[in-house]
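Let me begin by presenting the structure, written as structure tokens, before commenting on it.
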Amino acid sequence: MYYDLLQGKNGRLANIDRFLGSGFQPERIFVIALLCGDTGSGLFLDIGYFLKNMFPESLALCILTVPEIYPSASHFSDYFRGNAYAAIRELEHFSRSHYEFGPENYRLVFDGVNPFSEYWVVGNEEFAGSKSDLSAYFTEIARIMTEKVVLSGSLDDKAVYLPLSEHIQYWKSWEQSFHKVMSDGDFSLYISRELE
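First residue of the sequence shown: 43, per the numbering used here; consecutive thereafter.
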């Protein structure tokens, strides 16, 4: 089941019927998103709550990559860091307050619920500035995910919990970038909801 934003209605994936109503309950679900902007940082929260509704007994793990994993600075750096700041602030806000989404006839409502069991902020310490090639970052991330996450079934020593802002070494620079972009009057940095 999914919500088609272009058509403005619910849709169904071709093979979803074999999961719905069959008691299918995966042991673990991984959601991986880039915090830089675009789809990952804009939807990981909705996806987390949707999965919590669909599979309440599953262990939902969220893996978020920081803007600093990108080897070269660009003129988009402030946007990337500002968006990462906004995405984490939104997560922290809605995990302790009221959150709802979806079309009118299929509204999901949560009060004070964390959408994920554990988080891993990739690039927080172990990757930033260590590689010059972006594909090398993703290869290393895949290797660590396979070893530490998929095979062991948990994030182990990589796991962090809310509030994530206390565990992110770049938090102050993200906050500065966020305020810079907003004060410049450039509102192309999309923030979907008001934050405290």
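Note that CB positions come from ideal geometry on N, CA and C, so glycine has one too. As the structure is a computational prediction, the values presented were derived from the model and not from experiment.
Environment of residue i [buried if 16+ CB atoms lie within 10 Å]
| i | result |
| --- | --- |
| residue 185 | exposed |
| residue 214 | exposed |
| residue 149 | exposed |
| residue 223 | buried |
| residue 65 | exposed |
| residue 137 | buried |
| residue 75 | buried |
Residue-level contact to chain C via CB, residue i, 8 angstroms cutoff
| i | result |
| --- | --- |
| residue 222 | The structure shown contains no chain C; it holds only a single protein chain. |
Residues that DSSP places opposite residue i in a beta bridge
| i | result |
| --- | --- |
| residue 213 | Paired residues: none, contrary to the question. |
| residue 152 | 141 |
| residue 74 | 105 |
| residue 202 | 161 |
Residue from the options whose Cα sits closest to the Cα of residue i
| i | options | result |
| --- | --- | --- |
| residue 183 | 219, 108, 135, 87 | 108 |
| residue 212 | 126, 95, 121, 75 | 126 |
| residue 220 | 118, 177, 146 | 118 |
| residue 73 | 66, 84, 65 | 84 |
| residue 155 | 140, 76, 82, 203 | 140 |
| residue 157 | 65, 68, 93 | 93 |
| residue 89 | 133, 216, 128, 203 | 133 |
| residue 79 | 68, 205, 120 | 120 |
| residue 207 | 138, 131, 146 | 131 |
| residue 67 | 201, 138, 98 | 98 |
| residue 144 | 177, 209, 95, 160 | 95 |
| residue 161 | 218, 210, 225 | 210 |
| residue 202 | 147, 135, 159 | 159 |
Distance CB(residue i)-CB(residue j) smaller than 8 angstroms
| i | j | result |
| --- | --- | --- |
| residue 70 | residue 101 | yes |
| residue 164 | residue 111 | yes |
| residue 77 | residue 129 | yes |
| residue 91 | residue 152 | yes |
| residue 216 | residue 124 | yes |
| residue 104 | residue 86 | yes |
For residue i, the first and last residue of its enclosing beta strand (DSSP E)
| i | result |
| --- | --- |
| residue 161 | 160–164 |
Span of the alpha helix (DSSP H), counted from its first residue to its last, around residue i
| i | result |
| --- | --- |
| residue 96 | 81–96 |
| residue 125 | 119–136 |
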